[in-house]
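In the working numbering, the protein residues as written are 1 to 208.
Backbone N, C-alpha and C define an ideal beta-carbon position, used for all residues, glycine too.
As the structure is a prediction and not an experimental result, all values here were calculated from the model.
Here the structure is laid out as structure tokens; the discussion comes afterwards.
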């Protein structure tokens, strides 16, 4: 049986290929994820994001200006408390199984990273599923920025799947907000941020 907490998410995903909900994950996990991401940023563990398929990736700041760090699932020594990243990955595994049960997508794995947008940085319109590489099926975004205000920018813009030049929806990146959408369906962009913007972003994939 599908957990009731996913009912609204999955209903919207089925009807329009997109879902956005607040409060799906507990506030303490959101806080801890942000703190872990911030510590990694301060330690210099982020790298500048690139665009294009894996074999031809390039750094083009005018198109994509964020920096990223892939999540770390190491759990430390026996008896140590789980990191926020491991707690999130445990939750995402439950979500993956529920997505498969509901949509029969054959999702076999996931990949997630922290994303940091400095003031002025954004991400031009793009698709998450590269041509000839159809394995990303569901995109997930979890916003982590603390004390955000409407003037801070960094909104997610979704374009209509049948008219990619027409903006369809605009999502404010409020802390704790969860976004899911079909990776092959929706072009999207990130408007330039006016203060540091933090998120956790990734994909559920159907390759081994």
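Whole-angstrom distance between residue 184 and residue 134, CA atom to CA atom: Position 134 of the chain shown, counting from 1, holds the residue named residue 134. Position 184 of the chain shown, counting from 1, holds the residue named residue 184. Approximately 8 Å between the Cα atoms of the pair.
Quick one: what's residue 138 bridged to in DSSP? As a working mapping, residue 138 is identified with position 138 in the chain shown. DSSP, once it has assigned bridges, lists 182 and 204 as partnering residue 138.
Euclidean distance between Cα positions of residue 117 and residue 198: Taking the chain shown and counting its residues from 1, the one referred to as residue 117 is at position 117. Taking the chain shown and counting its residues from 1, the one referred to as residue 198 is at position 198. In a straight line, the C-alpha of residue 117 is about 7 Å away from that of residue 198.
Keeping to the same chain, check which residues put their C-beta closer than 7 Å to that of residue 160; ignore five residues upstream and five downstream. Here the question's residue 160 lines up with position 160 in the chain shown. Within the same chain, residue 160 has close Cβ partners 166 and 168.
To which residues does DSSP link residue 153 through a beta bridge? The residue labelled residue 153 in the question sits at position 153 within the chain shown. Paired residue(s): 193.
Could you pull out every residue in the same chain whose Cβ sits closer than 7 Å to the Cβ of residue 206, ignoring the five residues on either side in sequence? Reading the chain shown from its first residue, position 206 is the one you call residue 206. Excluding positions up to five away in sequence, the list reads 105, 106, 107, 108, 135 and 137.
On the CB-based measure, 16 or more other CB atoms within 10 Å of its CB, does residue 173 come out buried or exposed? Working through the chain shown from its first residue, we reach residue 173 at position 173. Per the 10 Å Cβ criterion, buried.
Please list the terminal residues of the continuous beta strand (DSSP E) segment that includes residue 111. Position 111 of the chain shown, counted from the start, is the residue given in the question as residue 111. Start and end: 109–117.
Proximity winner among 16, 29 and 188, relative to residue 177 (alpha-carbon distances): Position 177 of the chain shown, counted from the first residue, corresponds to residue 177. Taking only the C-alpha atoms, the option nearest residue 177 is 29.
Of all the options 155, 26 and 129, which has the alpha carbon lying nearest to the alpha carbon of residue 192? Residue 192 sits at position 192 when you count from the first residue of the chain shown. For residue 192, the nearest C-alpha among the options comes from 155.
Residue 145 CB to nearest chain D CB: under 8 Å? Judged by its chain identifiers, the structure shown contains no chain D, having just a single protein chain.
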